[in-house]
Amino acid sequence: MAQLAAAEPLVVTRVAASRRSLAARLWSQPSGRAGLVILAIMVLAGLASLAGLVPDNPDAQNPAATLRGPSAAHLFGTDQYGRDVLSRVMAGTVLSLQTALLAVAICAVLGTLGGVAAGYFGGVISSVVTSIADLLFAIPSILLALAIVSGLGAGWQNTAIAVGISYTPIFIRVVRGPVLAIRNADYVKAAQVLGFSRRRILFRHVLPGVGGILAVQVTLALGWAVLIEASLDFLGLGPPPPAATLGLMVSDGTNIAGIAWWSLAFPAIAVVLLVLGFTLTGDGLRDALDPSTANS
Amino acid sequence: MTDRNGTAASPVLAIRDLSVGLKTRTGITELVRSVSLDIRPGERVGLVGESGSGKSLTMLAVMGLLASPVCVTGGSVTLGSTELVGAPDRQLRALRGSEIAMVYQDPMTSLDPLQRVGEQIAEGLRAHGTSRSEAGERTLAALAEVQLPDPHRLARTYPHELSGGMRQRVMIAAALAGNPRLLLADEPTTALDVTIQRQILSLVARIQRARNLAVLWVTHDLGVAAQFVQRLAVMYAGRMVEVGPTAAVFSAPQHPYTAALLAAVPSTTGERSALGQIPGSPPEPGSFPPGCSFASRCRQARQGCTQTEPALEEREGGVAAACFVPPAEWQP
Amino acid sequence: MTVEQAGARPVAGRLPTGSAPNRSRALVLRIIARIGKAVLTLVGVAIIVFVVLRLLPGNQITASLGVNAGLLTKAQYADLAHFYGIGKPLPQQFAQWAGALLHGNMGVSDQSGRTVTSLIGAALPVTLELAVAAMLIGLILGVGAGAIAAAAPGRPADRAARVVALAGLGVPSFVIGSGLVALLAAVFHYFPSSEGFASLASDPWLNIQQIFWPALTLGLGIGAAILRTTRGAMLDVAKEGFVRAARGRGLQPRLVIIKHVLRNAMIPILTMSGIQFGYLLGGTVVVEQIFVLPGLGRLLLTSVTEADFAVAQGVTLVFALGFILVNLLTDVLYAVVDPRLRA
């Protein structure tokens, strides 16, 4: 406790300038390392599924082998239709990843545009953009997703659109702050005085400063997108059965968990690993980019 | 400072060979190296040095306010007859605020923005067992002593409502409210503008005389030192390089660094010339060179300077200096 | 030394001129401005929801009749269209709805025939209880564990807390909820939801059981986020000069932590709590489904999937209102905690 109550003076010892690349610094963080490893595993599994390197066809039903526990033939067991759970989990991973990527692409582009516009131009544009952001933020994301999905139909692209639009206000907010700060920074004012065009200032001075924050936010957004997408699938608003989505598998698995724990456990673990992987990587990125925020 | 019997009164604070270091994974980086200093009752002592010379750390070490990984690595600090280094926290707490008090550099960040100013003073008094009502009384008295207007109303203000100078006065009031024997001041006027600086200095001088308070005043400003302190200690690269009565040190510095510092002060009289500089920069903690740390920048450096560290030795006029080359032999 | 004895002629500075009544007035003005903004936001949300729902293919007729809608005669269709207000220009429909809304009439549920107001009235207390319980659990766990972690950074308690927080953040509430239900049912044979929902008034013990598990599910996620914020904020505040100054006056560590560190950390904690409440509202949809609670979340889900627009609009407005109110509350709390904001 004395630890916390005592503050140390800022000892100015010059830390040897870190010449290691960003990747190396990310790897040296325990959170970054764990996150990258987890992500690597999940992405590989997903890619394998895309390439068809799965033990079984995820949709192939086998009435003779329903609800078998994990075994050599079926590492994750089989579900109530005799489908191989491992293959389905891998397919579900792909679906989650692609949905998340599309969703984050949408909100990153929209949000960055909005945030940069609001931060750089200020005034009316800023008020309009932030008002829209506040409005979007006040609407529960589930509702937006529900509306879009029930209107446009169920499909992973529509889920992605819904998730992407919901997260846009956060990107706007996250990007706007630094842009505003940089825009008012002395070196940008100097550039203006020197007569550089607005475009040049924007691209060569403002955007690079925001790059790091964007990278962190994109990573965290990916994790969030997987979470929301899985929740939507769980509620039955994603691709309908027999699609192999992780959310649906968890939903089905809960009903038969008493007799077939593997139907619930493995898809659930897959979702958790995906979310954790992105979150940890995002944390590690944040610490690697700005050591002063590292918490230990 | 002798008492009636003619013998020197025992010091309020005795720092002996104090060393402070930074614990790293690979070992300990020295920050303050074997510093010794006495402060006698009612004396004003100044501690001068560049940023990074270790002066603030020395003060914090005395208060026991260093936080890991920075820690005391050796030496002793005695307040009266109590040993502070290694003392249990409970004992140190009893002394802080009541026997020793400290005033910090930045008045902006030294006060809790969420709490009223008077409460921050009173809580310190209550921590030492004063009753709530008496603490209130003494708070108001302290605020009046530092010449803040309308102490009743001022005690109820929040820090952000006050100017920098007023905040610093509050800090001083907080320090004095407990009636300490020793006041440690870590560059308290550096963050203030010059006119306020003078006001604060004269305020502290007046209070110090009235209470016969011992003061250790850290500054990097030689002008402040000249005005205010009776004895001056000069630190460089974590070491004490010169100590002595202010007038003596100023008129006849015994260490090349002190001489160079004094020469660097711009003068309004005499010819216009380039500002005196000391070429190079101080060594970083962790890479202190063998021998005298100042040798690489010193115009008087000789063969032996980079091999052995000079010890602080008494010279004439009550000045002690850590240098192998006596001033008589200095080259211009 | 008393004030009189000490008094030399005061020299330094001027006291702030703002008197207490002035400061209170400024605070009230701030609140009014915030409320104005909140109302505008609410109106904006209403418009968006209205438009989005109307733009979707299909309308109330096809939704309630399904395939049989094709069997209607022109006249019947026209009658139904008139009843539902289809075909009129959107702004007119909106004005109609908004007007009715201001009279407290949110319309009638197409599916059940009951008024939207009564449906919402029945579901609101459930969700309210769930939300309050979840926030409480989240705050207690989060601030408590966060403070413990911050008190000894790097030590085992801290590491454990951070791992748990990570789990709370990474595991989606539907996984936690499903896992809990499965665990309670399969292992402990415990089904508090098997009987109908019991309100707090009718059967408090059953009610608490039915609310506790879903609240815990949501509370873990909230607690994880608040834990991280608390820990980070407290560690940041601990480095501030005034913490050292307080120690320098001889205060005990516990007092320093509570009076100075924790209080200053409250501001980021408040911010995070507000954000978490936003996610909480979405979370109720999932959790009420899993634990079979007849709350607003469940109502929203069914109303949208069944194209019961009146209900969907009503519930969304209530959610948005709740979110806006909580934001207002946090703004007010900021001003309460931080005197700098009251100027």
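Quick mapping for you: the protein sequence lines, in order, are chains A, B and C.
Numbering-wise (numbering that gives the first Met the number 0), the first sequence opens with residue 0 and increments by one.
Numbering-wise (numbering that gives the first Met the number 0), the second sequence opens with residue 0 and increments by one.
Numbering-wise (numbering that gives the first Met the number 0), the third sequence opens with residue 0 and increments by one.
Every residue, glycine too, gets a C-beta built ideally from N, C-alpha and C.
Please tell me whether C:GLN208 has its Cβ less than 8 Å away from any Cβ of chain A. no
In this structure, does DSSP put B:ASP37 in helix, strand or coil? strand
Taking the straight line between their C-alpha atoms, what separation do you get for A:THR280 and C:GLY145? 22 Å
Any chain C beta carbon closer than 8 Å to A:ILE141: yes
List, in order along the chain, the chain A residues whose C-beta lies closer than 7 Å to that of C:ILE47? LEU134 and ILE138
Ignore the nearest five residues each way along the sequence and tell me which others in B:ALA172's own chain have a CB closer than 8 Å to its CB. ILE120, THR138, ALA141, LEU142, GLU144, VAL145 and LEU147
Can you name the residues of chain F whose CB is closer than 7 Å to the CB of C:GLN288? Here chain F cannot be found, since the structure's protein chains are A, B and C.
Contacts of B:PRO325 in chain C (Cβ-Cβ under 9 Å): What B:PRO325 touches in chain C: nothing, since even the nearest Cβ is about 41 Å away.
If you compare alpha carbons, which of B:LEU78, B:CYS70 and B:SER50 is closest to B:ALA213? B:LEU78
So B:ARG92 contacts chain C; which residues on that side make the cut at Cβ distance below 7 Å? GLY249 and GLN251
For C:GLY220, three-class secondary structure by DSSP: helix
Using only CA atoms, which one of B:ALA209, B:ARG210 and B:ALA258 lies nearest to B:VAL233? B:ALA258
Of the residues C:SER172, C:ASN326 and C:LEU261, the one placed nearest C:GLY222, counting alpha carbons only: C:SER172
Beta-carbon proximity list for A:ASN157, same chain, < 7 Å, skipping 5 on both sides: ILE147, VAL148 and LEU151
Below 9 Å on C-beta distance, what does C:VAL180 contact in chain A? THR253 and ALA256
Buried or exposed, going by whether 16 or more other CB atoms sit within 10 Å of the CB of A:THR292? Note that A:THR292 scores a pLDDT of 49, beneath 50, so its modelled location is shaky; the value from the coordinates is reported in the next line. So A:THR292 ends up on the exposed side.
Find the residues of chain B that neighbour C:VAL336, judging by a C-beta separation of less than 8 Å, and give them in chain order. LEU113
Between the C-alpha atoms of A:TRP155 and C:GLY98, what's the straight-line distance to the nearest angstrom? 38 Å
Cβ pair A:LEU193, A:TYR119 closer than 8 Å: no
So, for C:ASP337: in the same chain, excluding its five sequence neighbours on each side, which residues have a beta-carbon less than 8 Å away from its beta-carbon? ILE266
Apart from the five residues just before and just after A:ALA153, which ones in its own chain have a Cβ nearer than 7 Å to its Cβ? LEU236, GLY237, PRO238 and PRO239
Out of B:THR108, B:GLU186, B:MET239 and B:GLY51, point me to the one whose CA is closest to B:HIS159's CA. B:THR108
Any beta-carbon of chain C closer than 8 Å to the one on A:THR278? yes
In chain A, which residues lie less than 7 Å from C:PRO171 when you measure between Cβ atoms? LEU226, ALA229, SER230, VAL270 and VAL274
Helix, strand or coil at C:LEU250 [DSSP, three-state]: coil
Measuring straight from C-alpha to C-alpha, what distance separates C:ARG29 and A:ALA214? 36 Å
Hey, quick one: how far does the beta strand (DSSP E) through B:LYS22 stretch, first residue to last? 12-23
Cut-off 8 Å between Cβ atoms - residues of its own chain near C:ILE323, not counting five sequence neighbours on either side: ALA37, THR40 and LEU41
Determine which residues share a DSSP beta bridge with B:PRO244 and list them. B:ARG230
Is the beta carbon of C:LEU327 closer than 8 Å to that of C:ARG33? yes
For the beta strand (DSSP E) that contains B:ALA100, what are its first and last residues? 99-102
Outcome for B:SER55 when other beta-carbon atoms lying within 10 angstroms are tallied against a minimum of 16: buried
Taking C-beta to C-beta, are C:SER272 and C:THR329 nearer than 8 Å? yes
Please state whether the Cβ-Cβ distance between A:ALA144 and A:ALA132 is less than 8 Å. no
B:ASP105: contacting residues in chain C (beta-carbon distance under 7 Å): GLY240
Report buried or exposed for A:TYR186, applying the criterion of at least 16 other Cβ atoms within 10 angstroms of its Cβ. exposed
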